[in-house]
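Have a look at the structure below, then the notes.
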């Protein structure tokens, strides 16, 4: 049974990150250019001058944060940010979107057009000082996550309704060969958004427009779904003291006033206890 974890409605909630050292959830409202968090019921936020969307943890007080122009080292105590690497900084059409750290200390980050311009975005990996483009011509980059055995990465271009799987080099974490279709959601008319892999290798995928996060086993077989009182689930994250709470961001973007009035929880951040067990989020090594 899901419940509202944080009642601040996001226009476009994204990028939930459970910080294992702080035991604290961070997430973003991309449209409103904010980083949000809650600790022991106390709400906090940071305001930025550009879109921010995803993060990984570097240490207790530092995040690697993705914005529409760069990857930044962000100090949670001071609120200061320092440039790590430009990210399509010369392209005003695009912004960052979905991202996640891998188990080698790298960070994968997707971009997309601010108005979902077809093929305007890409997916990159930052590792050991290098930002390398991995997937070009992406419309809506999403579902970046990694198997616990380090065997593969997952990603999607939401508009294709296909979730891809990509083998990874066990030493470096760079992709090997070509990616292949892991999950085809076209017949079900489901839109894959953000995703996370649990400790058993099952992938949990937010399905935009379907008010749920759905779990699939490593062979792509549907296991179960967790529903939320919000139409547009955007990204899940496992957290809590034993990583058995599933958090999920949602969005109000594109919903009409009547829908929001009928269901004011649209855009809020949700949680559901004891639905699975996550793997700890990996540390970004800078």
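In this note's numbering, the protein residues as written are 19 to 304.
Don't be surprised by glycine CBs; every beta carbon is placed ideally from N, CA and C.
About 7 Å separates the beta carbon of residue 161 from that of residue 116, a gap short enough to meet the 8 Å contact definition. Sequence-distant partners of residue 65 (beyond 5 residues in either direction) whose C-beta falls short of 7 Å from its own C-beta, in its chain, are 51 and 52. The C-beta distance from residue 304 to residue 49 rounds to 28 Å, too long to meet the 8 Å contact threshold. C-alpha of residue 273 to C-alpha of residue 262: approximately 31 Å in a straight line. When secondary structure is reduced to three states using DSSP, residue 176 falls in the helix class. When DSSP states are grouped into helix, strand and coil, residue 224 belongs to the strand group. Here the alpha carbons of residue 291 and residue 225 stand approximately 19 Å from one another. It is roughly 5 Å from the alpha-carbon of residue 222 to the alpha-carbon of residue 214. Note that the stretch 171–182 touches the stretch 143–163; at least 3 beta-carbon pairs, one per stretch, sit closer than 8 Å.
For secondary structure counted as the beta strand (DSSP E) over 3 or more consecutive residues, the stretch 74–109 holds these complete runs in sequence order: 80–85, 88–93 and 99–104.
Relative to residue 134, the option among 147, 96, 111 and 299 whose CA is nearest is 111. For residue 243, the enclosing beta strand (DSSP E) covers residues 240–245. Between the alpha carbons of residue 242 and residue 253 lies a gap of roughly 16 Å. When C-beta atoms of the stretch 83–101 are compared with those of the stretch 187–199, fewer than three pairs fall below 8 Å, so the two segments do not count as touching. In this structure residue 210 is buried. Its beta-carbon is surrounded by 16 or more other beta-carbon atoms within 10 angstroms.
Within the stretch 134–216, the runs of beta strand (DSSP E) at least 3 residues long that lie entirely inside it are, in chain order, 139–145, 148–156, 159–164, 170–175, 180–185, 198–202 and 209–215. Cβ-Cβ distances below 7 Å link residue 101 to 88 and 90 in the same chain, with the five nearest sequence neighbours on each side left out; the list follows chain order. Non-local beta-carbon contacts of residue 57 in its own chain, meaning distances under 6 Å to residues more than five positions away in sequence, involve 42 in chain order.
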